[in-house]
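K.L.:
This is the structure I want to talk about, given as structure tokens.
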Amino acid sequence: YLLLVLFYNSFVLAFYTMTYQTCIGHVFADRSLIPLMSLIFGITAVIACPLFESIVIFFNNRITALLLYILAIISYYLVFLTFPSAATYAESDDPTSLQPTKGLILLIAVLLALTDTGFNIQANSAIGLLFQSDSEIGFMLLNSVMSVGTATVFFLVLIHKFICFACTFGRFFVP
14 YLLLVLFYNS FVLAFYTMTY QTCIGHVFAD RSLIPLMSLI FGITAVIACP
64 LFESIVIFFN NRITALLLYI LAIISYYLVF LTFPSAATYA ESDDPTSLQP
114 TKGLILLIAV LLALTDTGFN IQANSAIGLL FQSDSEIGFM LLNSVMSVGT
164 ATVFFLVLIH KFICFACTFG RFFVP
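What follows is the structure, given as structure tokens:
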């Protein structure tokens, strides 16, 4: 199960680094929101470490995992409701369920940072408990699985872009 959590973390990382920032760039004409969002993401990640430590101390890991799951669901639903479907590959003014505002974009960045940090803390603590005597092997496993997961997402995005290109311009290459 731990490998699935690590693989999921790599998907979240790829989502944040590729899809979310691309959607912001295609919806807002002002591109200065992307670095601000990245800064907010980083600050939230730093603040979230002691926050989740105190939550684990007062409650337990199960409550923390449930809280993280709820935050992840909320953040992904907000992304789904905020951005038009065409925003992943082109500039779009299509109507959405929620009006994309700068405040909402930064709130989603905070929620994504909280869930990413929390899941990483949970995975690192689980690896530390499982591999107490050989921690190098455990953290090698962590980095390997996350690297393979991120590479898988980048490969799937490349295949998707190739299929879109072939469907769009393929009629020009057929005799």
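To get the working numbering, take the position in the sequence shown, counting from 1, and add 13.
Every residue gets a Cβ at the ideal spot worked out from N, C-alpha and C, and that includes glycine.
Applying the 10 Å Cβ sphere with the 16-neighbour rule, what's the burial state of Pro-108?
P.N.:
Result: exposed.
K.L.:
Report yes if the C-beta distance between Ala-136 and Leu-124 is below 8 Å; otherwise report no.
P.N.:
Taking 8 Å as the Cβ cut-off, Ala-136 and Leu-124 do not qualify as a contacting pair.
K.L.:
Which first and last residues belong to the alpha helix (DSSP H) in which Tyr-21 is found?
P.N.:
Element bounds for Tyr-21: 15–27.
K.L.:
If distances are taken between C-alpha atoms only, which option among Tyr-21, Gln-145, Met-31 and Ser-157 comes closest to Gly-167?
P.N.:
Correcting the residue identity first, residue 167 is Phe in this sequence and not Gly. For the residues Tyr-21, Gln-145, Met-31 and Ser-157, the minimum Cα distance to Phe-167 belongs to Met-31.
K.L.:
Quick check on DSSP: helix, strand or coil for Ala-126?
P.N.:
The answer is helix: DSSP assigns Ala-126 an H, G or I state.
K.L.:
Smallest Cα separation from Leu-49: which of Val-170, Ile-121 and Met-153?
P.N.:
Here the closest residue by C-alpha is Ile-121.
K.L.:
Please give the ranges of any alpha helix (DSSP H) in the stretch 37–76, keeping only runs that are unbroken, at least 4 residues long and fully inside the region.
P.N.:
List check, alpha helix (DSSP H) in window: 46–71.
K.L.:
Using 8 Å as the cut-off, can you tell me whether the stretch 167–176 makes contact with the stretch 54–73, which would need three or more C-beta pairs spanning the two stretches below that distance?
P.N.:
The stretch 167–176, when compared against the stretch 54–73, does not touch it at the 8 Å Cβ threshold.
K.L.:
Relative to the C-alpha of Gly-131, which candidate in Gln-145, Leu-80, Leu-111 and Cys-180 has its C-alpha closest?
P.N.:
Cα-wise, what sits closest to Gly-131 is Leu-80.
K.L.:
Closest to Phe-93 by CA distance: which of Ile-83, Ser-157, Ile-134 and Tyr-33 is it?
P.N.:
The residue with the shortest Cα to Cα distance from Phe-93 is Tyr-33.
K.L.:
For Pro-113, count the other beta carbons within 10 Å of its own beta carbon; 16 or more makes it buried, fewer makes it exposed. Which is it?
P.N.:
Under this definition Pro-113 is a buried residue.
K.L.:
Can you tell me which of the three DSSP states Ser-88 falls into?
P.N.:
Three-state DSSP puts Ser-88 in a helix.
K.L.:
With DSSP run on the structure shown, which of helix, strand or coil describes Ala-100?
P.N.:
In this structure, Ala-100 counts as helix in the three-state DSSP scheme.
K.L.:
Using CA atoms only, rank isn't needed, just tell me which of Thr-77, Tyr-89 and Asp-106 is closest to Pro-97.
P.N.:
The shortest C-alpha separation from Pro-97 is found at Asp-106.
K.L.:
Let me know the secondary structure DSSP gives Ser-146 once reduced to three states.
P.N.:
In the structure shown, Ser-146 sits in coil (DSSP, three-state: anything other than H, G, I, E or B).
K.L.:
Can you say whether Gly-162 is buried or exposed, counting buried as having 16 or more other CB atoms within 10 angstroms of its CB?
P.N.:
With 16 or more other Cβ atoms within 10 Å, it is buried.
K.L.:
Whole angstroms are fine: how far does the CA of Thr-35 sit from the CA of Leu-52?
P.N.:
Approximately 16 Å between the Cα atoms of the pair.
K.L.:
Please report how far the alpha carbon of Leu-142 lies from the alpha carbon of Ser-160, in whole angstroms.
P.N.:
Distance between the alpha carbons of Leu-142 and Ser-160: 22 Å.
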